[in-house]
Structure formats: structure tokens, C-alpha cells
Amino acid sequence: MKTLEQQLSRVDLNLLVSLSVLLKEKNVSRAAETLYLSQPAMSRTLKRLRDVFDDPLFYRESAGLQPTDKALSLQEPLSEILMSVNKLIDSTKFTPELCDQTFKISLPPLMSRQLSVPLVREVMRAAPKASLLEYPASKDPEKLLKQREVDFSIHITTPANKEEFPSELIGSTYGVIYGMKDHPLATKKGVSIEDCVKYPFMDLNLDLRSDADSQNPVDEYLAPLGLKREVTFKSGQLNTLVDAMEDSNNLLVSTHALRSVDNFRERLVPIYSMKAHWISMSTCSNTSAPPIAPPINGLKLDLRNPKRSRL
């Protein structure tokens, strides 16, 4: 005979939250908006609910969703369950000022400075006993999240398992090829990508855990053109790369935001823009979507505006 825990282990408690919202809103789009999910994700959740309860739960009508008798019978006990869970969570409410936890985050080297500096300042202000440990982005962030090696990741791909790892698109960026101010291409007009690949490159190592041949997004841009770069040096440290570029004709690929960084603005000039090749960035965490569990054990990150990131 299965224990209570064994029987409940197959049920995602967030499904009950979704069912409660669907019963209130009677509309998939509004329910998705309430739970900060996309409409397709909400539709997939409804499908899972139908499988769990072996019932359609809702019928589509012109006015919205009409609950079945089964769904209506669940409404009252569902409300009681969620209230009990909420009381349980409130009894161990997260207090930022007392938190001494280390939060492990994974950020792309190309964006680390723009994101981590304001985030660290905000964490120091809101939770002075907490600490952040930054890892470079991995080729396989899902593996790190599953193994609890990181709590939060920003990556240029959307997780394949959206059910397990809720993610959110935070924006896009594009690559720019930079050179030192005295580079031969710095004063040339109408520089082409073909001109750029005639010179050697220095590269940010985008995943220190992977082999040295891990592909930079710029190579995806070059491949359809039949072009390849010669990379003379790779490092996980942007400052090291820029220092190494002194007195050389090496080029560097970074984001268009790099020139907003003071100590690079004075040294580097944009040589070629890959604005047509946008890279989407998304975030994901290793915890379930709210409201059953707060993201990253209570750490609320707003990567669209790091100054608004809060605990």
C-alpha cells in the first residue's frame, strides 16, 4: 500500500494553483496572465490537469470556459488546501535581513558586468548577510539547474523542459566586432564581415566547463556565409582580453552594450555590427513557478531592470 507521500509525489502542487485560477477566471489567457505564464504554457497545464483528474474539467463556450461538475466539486476543497499551504509557507516567511544563504547564479560573460554589478549592490542593501556566487553561462544550463549547481541562469536558449524550469524572455542583444582605436579597420569606411575575418580574434570563453571548441554565437552568423575566424586566445575574463589586444590587430566580439562600460569606451571602437543577427536571452530558475514556491528561495530578480531586483 502506497503512503500518502508516495501518492502525492506524482502531483505538482502548482497544478492546483493553476486549477484554482482557472476556476476563478474561466479564461485561459487571463489565468496565464495572473500566473505570469504564456498562454501555450497555461494550455499545457490544463492538459496535465485533465490527465490528473481524468476529467475535461472545462468546456469552451463563447463566453469563456465552463467548469464541469467535477471541476465545481473540487472548488471548495481546493480553496481549503491552498489556504493551508499558504499558512504553512507564511509560518516560515523569508526575511531578507536575516538571510545568510549563498545564491548561485549563471550569467553569460558578455552580459555579466551589466547585470551582476547592480544586482550585487541591491543584494548588499536588502540582504547584507546573503552572498552571490556567479558562474559563467553553461552550454547546458538545464543540467546545472537539475543538479542544483546553480539556482538561476540567463541563457541564449529557452529550456526544452519549460514545465520543470519556468523561463522568461528578458530581451535581445546583438553582436558587435570591436578593435583597438589604432586598428587598421578603425578608420576604414564600409567595413564588411569579410574584412573582419582577415584579422585574428580573441574570444570570451562562453562556457568554462566545455571543450575549447565550444561555439561562439558569432560563428553561427559566419557559417551560412562560408566564413571562419582565426581565434588566437580565449579567456573567461573580458579585462584580460582587452589588455591582450593592446599593440595587436586582434578583434573581439561582444554585445552592443559593451561601449557603455567606461573603461572599455576609451579603448575600443566598434568595427562591424551584426545587428541583423539578434540573440534572445531568457532566464530560468530551478524552483517551481510562484506562488507555491518563490523563485530562488525568495530572491526576486528583475533582469530587465537589475536596479529593481529585490529580495
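For the sequence shown, position 35 matches number 35 in UniProt numbering, and the numbering has no gaps at all.
Note that beta-carbon positions come from the ideal geometry of N, C-alpha and C, so glycine has one too.
These figures come from a predicted structure and were not determined experimentally.
- Distance from Met274 to Val191 at the Cβ level is roughly 12 angstroms; contact not present, criterion being Cβ atoms closer than 8 angstroms.
- Distance between Glu142 and Asp182, taken at the CA atoms: about 42 angstroms.
- The C-alpha of Leu225 is placed about 9 angstroms away from the C-alpha of Glu194.
- The DSSP-derived three-state label of Leu16 is helix.
- Within the region 182 to 245, the complete beta strand (DSSP E) segments of 3 residues or longer fall at 201 to 204 and 231 to 235, listed in chain order.
- For Val253, the uninterrupted beta strand (DSSP E) run begins and ends at Leu251 to Thr255, by DSSP.
- Contact between the region 55 to 63 and the region 92 to 104 is absent, with fewer than three C-beta pairs closer than 8 angstroms.
- For Met180, the closest alpha carbon among the candidates Leu204, Leu88, Ser84 and Arg265 is that of Arg265.
- At a Cβ-Cβ threshold of 9 angstroms, Asn250 and Phe201 count as neighbours.
- Cβ contact annotation for Ala127 (same chain, cutoff 7 angstroms, sequence separation greater than five): Pro96, Glu97, Cys99 and Leu311, in chain order.
- Between Ser20 and Leu78, the CB-CB gap stays under 9 angstroms.
- If you ignore the 5 residues before and after Ser106, its C-beta comes within less than 8 angstroms of the C-beta of Glu134, Tyr135, Pro136, Ala137, Ser138, Pro141, Leu144, Val150, Phe152, Ser153, Ile154 and His155, all in its own chain and listed in chain order.
- The beta carbon of Val253 lies closer than 6 angstroms to those of Gly175, Ile177 and Val218 in the same chain, with the five residues before and after it left out.
- Beta-bridge pairing by DSSP links Lys24 to no other residue.
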